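For the sequence shown, this note's numbering assigns the number 23 to the initial residue and increments by one for each residue that follows.
To start, the structure itself, in structure tokens.
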Amino acid sequence: MNEFKKLRKLFLYSTLLSLMIGCKIKQAQTTTEAPNKPNVLFILVDDYGYKDTGVSGSNYYETPNIDFIANTGMQFSDGYATCQVCSPSRGSIMSGQFPARHGITDWIGAPTGKDWKKKSGRENILLPPEYEHQLDTAITTLPKAMKEAGYKTFFAGKWHLGDEGFSPENHGFDINKGGYHAGGPKGGYFSPYKNPKLENHQDGENLSMRLAQETADFMKAHKDTTFFAYLSFYAVHGPIQTTQEKWTKYREKAVQLGVKDKGYEMGHFLPMRLNQDNPVYAGLVEQMDDAVGIVLQSLKDNDLDKNTIVIFTSDNGGVVAGDAFSTNNYPLRGGKGYQYEGGIREPYFIKVPWVENNGKVSDIPVTGTDFYPTILDLVGADLKPDTHTDGVSLKPILMGEEWTLGDRPLVWHYPHYGNQGGEPSSVIRLGDWKYIHYYESQKVELFNLRTDISESENVADQHPEIVNNLHKKLFDYLQAVGARFPTVDPDFKASRAEKQLKHMKEVKMKNLEKERMKMLSEDFKPNADWWGSKVTLD
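The structure is reproduced here in structure tokens:
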């Protein structure tokens with residue numbers, strides 16, 4: 023009997039100790055009380071791939087400042103953009119709606135219908151449908167919601183969601199530095215920028231550093247108020263440019279790592295880069311990371327780092343084919359413009375400074391529409407579920423609470439071809455399963471992303487019930503939001519398409535290999551002054 027009492031006493035003590043430890047662990051998640059109306063710094067990088075950071079495992083690119091955000095915040099391993107190209111994803115961040123709902127399903131400026139065939143010069147089976155060419159100003163966008171909550175709003179960088187009348191200023195931003203209709207840096211990455219919304223200071227100034235400094239200046243000027251700062255880099259979109267110093271560093275690093283004999287393989291329509299070995303792109307990445315360091319240092323210098331939420335993400339995957347053929351996203355398949363994970367899975371980091379996540383990784387699938395409700399929830403503002411219809415707040419995950427929403431479907435609708443070699447398709451992910459429907463052939467693919475992140479094995483034939491269920495969910499959604507679909511080109515010439523494909527295999531691929539080796543040669547020189555970057559600034 024005494025032995026039983028001892029055991030019972032030991033059990034009660036152990037249970038109490040476990041509860042105390044559990045309580046301490048839970049309390050350790052939150053280090054300080056959440057500030058009233060914290061600030062928000064949102065950093066969006068253009069065309070930045072899932073594997074383009076040091077924290078994601080790249081042994082080529084060096085990104086200490088981005089890694090700092092990831093390692094002191096929460097990393098979402100299954101974080102997605104809502105489209106494989108830029109404008110639709112950007113519209114989703116602003117609206118909390120999937121592209122099929124807000125109507126911008128391609129990058130604004132992309133040709134449609136017969137114009138696609140005429141302007142692209144490509145022979146394809148389908149003609150892409152029309153899409154919205156600006157973000158509707160009737161939508162209560164995220165910056166409008168933040169203004170309603172009493173925040174000063176600031177935008178710097180790439181907009182690409184409409185021209186005059188649909189600019190950042192028309193969507194809730196008080197200040198706009200550099201945002202207009204263009205999708206890329208028309209003047210390149212060194213001043214003069216040729217940007218009507220960003221005055222030139224001195225020739226040779228770097229664009230990423232300038233945008234970061236504008237953001238830092240804004241935060242310093244408003245450190246005694248509450249602000250929502252949205253830093254939207256033009257980097258790392260083409261044309262890729264860097265300084266001679268950074269090129270030299272990464273050329274030497276590529277040589278040390280071992281330059282592969284083969285740099286490309288043929289994709290469905292275009293050659294695809296196989297390795298991370300582009301020294302110009304690597305320099306552009308590091309310059310952008312340097313710029314991230316400017317805004318992070320500004321937060322610290324102005325005592326804002328403890329009450330400013332920092333979010334870092336990209337608008338689509340890294341460019342493997344088309345554009346500047348910049349990078350590789352292995353083990354993810356494909357890249358920008360593609361329906362595969364390399365086209366849509368992104369760096370997705372959220373740092374809430376009063377919560378100690380310390381690089382904790384969540385594998386719950388999340389997407390660009392979730393930023394809107396998450397930010398409102400974190401700053402204590404009322405959510406707007408009638409607007410951010412396709413997004414949910416991630417605050418419970420960030421706070422270490424149990425996720426109660428279960429699996430929810432994520433939808434991608436890209437009924438276009440694009441410039442990178444992707445195919446018109448629609449996609450749904452539910453849990454571990456990803457289903458792709460192709461409009462050219464009506465072919466379907468099914469992948470289990472938990473066991474096959476590289477999407478190497480199509481298991482659609484093995485799981486007909488899952489295929490049918492996901493197909494129905496996908497098209498029920500698309501029909502409900504009035505999605506548009508491609509149509510058959512009655513003038514399609516198969517012989518012309520075959521000729522174009524042959525040219526890509528036999529001519530384009532060889533030229534890309536020559537260009538790759540030229541960039542890695544010791545005497546590479548793009549122009550007389552390295553895109554103006556040799557100019558000394560005062």
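Where a beta carbon is used, it is the ideal one built from N, C-alpha and C, also for glycine.
Predicted model only: the values in this text are computed from it and were never measured.
### Task
Below 7 Å CB to CB, which residues in the same chain sit around Leu427 once its five sequence neighbours on both sides are set aside?
Val414.
### Query
So, do the region 541-548 and the region 160-167 have three or more beta carbon pairs nearer to each other than 8 Å?
Counting Cβ pairs under 8 Å, fewer than three are found: no touch.
### Query
Can you find at least 3 beta carbon pairs, one from the region 270-283 and one from the region 317-335, that sit closer than 8 Å?
Fewer than three pairs of CB atoms, one per stretch, sit closer than 8 Å, so the region 270-283 makes no contact with the region 317-335.
### Separation of Lys216 from His223, as counted between CA atoms
Whole-angstrom Cα-Cα distance: 12 Å.
### Message
I need the DSSP call for His485, collapsed to helix, strand or coil.
### Response
Per DSSP, reduced to three states, the secondary structure at His485 is coil, with no helix or strand assignment.
### Task
Check Pro207 in the structure and name its three-state DSSP category.
Here Pro207 sits in coil by DSSP.
### Query
In terms of alpha-carbon separation, which member of Gly135, Ile91, Glu84 and Pro60 lies closest to Pro512?
Ranked by Cα distance from Pro512, the options Gly135, Ile91, Glu84 and Pro60 are led by Gly135.
#### Entry: Cβ-based burial, Glu479 [other Cβ within 10 Å; buried from 16]
Under this definition Glu479 is an exposed residue.
### Message
Run through the DSSP bridge pairs and tell me what Trp434 is partnered with.
### Response
Trp434 pairs with Val449.
### Message
Would you say the beta carbon of Val107 is closer than 7 Å to some non-hydrogen atom of the ligand FMN?
### Response
The ligand FMN is not among the ligands present in this structure, which contains no ligands whatsoever.
### Task
Round the Cβ separation of Gly201 and Lys174 to the nearest angstrom and send it over; I've been treating them as touching at under 8 Å.
Actually they do not touch by this definition, with Cβ atoms about 16 Å apart.
### Task
Over the uninterrupted alpha helix (DSSP H) stretch that includes Ile197, give me the two end residues.
It is not in any alpha helix (DSSP H) - Ile197 instead sits in the beta strand (DSSP E) that spans Ile197 to Lys199.
### Task
Could you have a look at His290 and say whether DSSP puts it in helix, strand or coil?
DSSP places His290 in the coil class of the three-state scheme, outside both helix and strand.
### Query
Are there 16 or more other CB atoms within 10 angstroms of the CB of Arg355, so buried, or fewer, so exposed?
So Arg355 ends up on the buried side.
### Message
Quick check on the DSSP output: what are the complete alpha helix (DSSP H) runs of length 4 or more inside the region 347-376, in order along the chain?
### Response
Runs of the alpha helix (DSSP H) inside the region 347-376: 363-366.
### Task
Spatial neighbours of Glu455 within its chain, please: CB distance less than 7 Å, with the 5 preceding and 5 following residues excluded, ordered by chain position.
The identity of residue 455 in the sequence shown is Trp, whereas the question assumes Glu. Contacts found: Leu468, Asn470, Ile488 and Leu492.
### Query
Around the Cβ of Asn338, are there at least 16 other Cβ atoms within 10 angstroms (buried) or fewer (exposed)?
It is buried - the Cβ of Asn338 has at least 16 other Cβ atoms within 10 Å.
### Query
Do the CB positions of Asn198 and Tyr211 come within less than 8 Å of each other?
Their beta carbons are not under 8 Å apart, which means Asn198 does not touch Tyr211 by this criterion.
### Query
Among the residues of its own chain, which have a CB less than 7 Å from the CB of Tyr500, if the five just before and after it don't count?
It should be noted that the sequence gives Leu, not Tyr, for residue 500. Closer than 7 Å at the Cβ level, and outside the excluded window around Leu500, lie Ala122, His435 and Ser448.
### Task
Would you mind sorting Trp425 into buried or exposed? The rule is 16 or more other CB atoms within 10 Å of its CB.
The residue in question, Trp425, is exposed, as its Cβ has fewer than 16 Cβ neighbours within 10 Å.
### Message
Determine, for Thr411, whether the minimum Cβ-Cβ distance to residues of chain B falls below 8 Å.
### Response
Of the protein chains in this structure there is only one, and it is not chain B.
### Query
Do Ala519 and Glu145 have their C-beta atoms closer together than 8 Å?
Against a cut-off of 8 Å, the Cβ pair of Glu145 and Ala519 comes out as a contact.
### Query
Between Val342 and Met294, what straight-line distance do the alpha-carbon atoms span, to the nearest angstrom?
Straight across, the Cα-Cα distance linking Val342 with Met294 is about 5 Å.
### Query
By how many angstroms is the C-alpha of Gly289 removed from the C-alpha of Met531?
If you take the alpha carbons of Met531 and Gly289, they lie about 11 Å apart.
### Query
Which value, in whole angstroms, describes the spacing of the CA atoms of Tyr362 and Glu477?
Taking the straight line from one Cα to the other gives about 7 Å.
### Query
Rounded to a whole number of angstroms, what is the C-alpha to C-alpha distance between Thr85 and Pro214?
When rounded, the separation of the alpha-carbon atoms in Thr85 and Pro214 is 26 Å.
### Query
Around the Cβ of Ser463, are there at least 16 other Cβ atoms within 10 angstroms (buried) or fewer (exposed)?
Ser463 comes out exposed.
### Query
Roughly how many angstroms lie between the CA atoms of Lys73 and Glu55, to the nearest whole one?
One C-alpha to the other measures close to 34 Å.
#### Entry: Cβ-Cβ separation, Met96 to Asn379 (assumed contact under 8 Å), whole Å
About 4 Å separates the beta carbons of Asn379 and Met96, which is inside the 8 Å limit, making them a contact pair.
### Message
Assuming Trp269 is part of the alpha helix (DSSP H), what are its boundary residues?
### Response
Here the alpha helix (DSSP H) through Trp269 covers Gln266 to Leu279.
#### Entry: Proximal residues to Pro190 (C-beta, below 6 Å), its chain only, five neighbours per side dropped
Once the five neighbours on either side are set aside, the close Cβ partners of Pro190 are Phe177, Trp181, Asn198 and Gly201.
### Query
Which stretch, first to last residue, makes up the alpha helix (DSSP H) that contains Tyr303?
Boundaries of the alpha helix (DSSP H) around Tyr303: Pro301 to Asp323.
### Query
By a C-beta neighbour count over all protein chains shown, 10 Å radius and 16 as the cutoff for buried, is His259 buried or exposed?
Answer is buried; the Cβ neighbour count reaches 16.
### Task
Look up Thr94 in the DSSP assignment and say whether it is helix, strand or coil.
If DSSP states are grouped into helix, strand and coil, Thr94 belongs with the helices.
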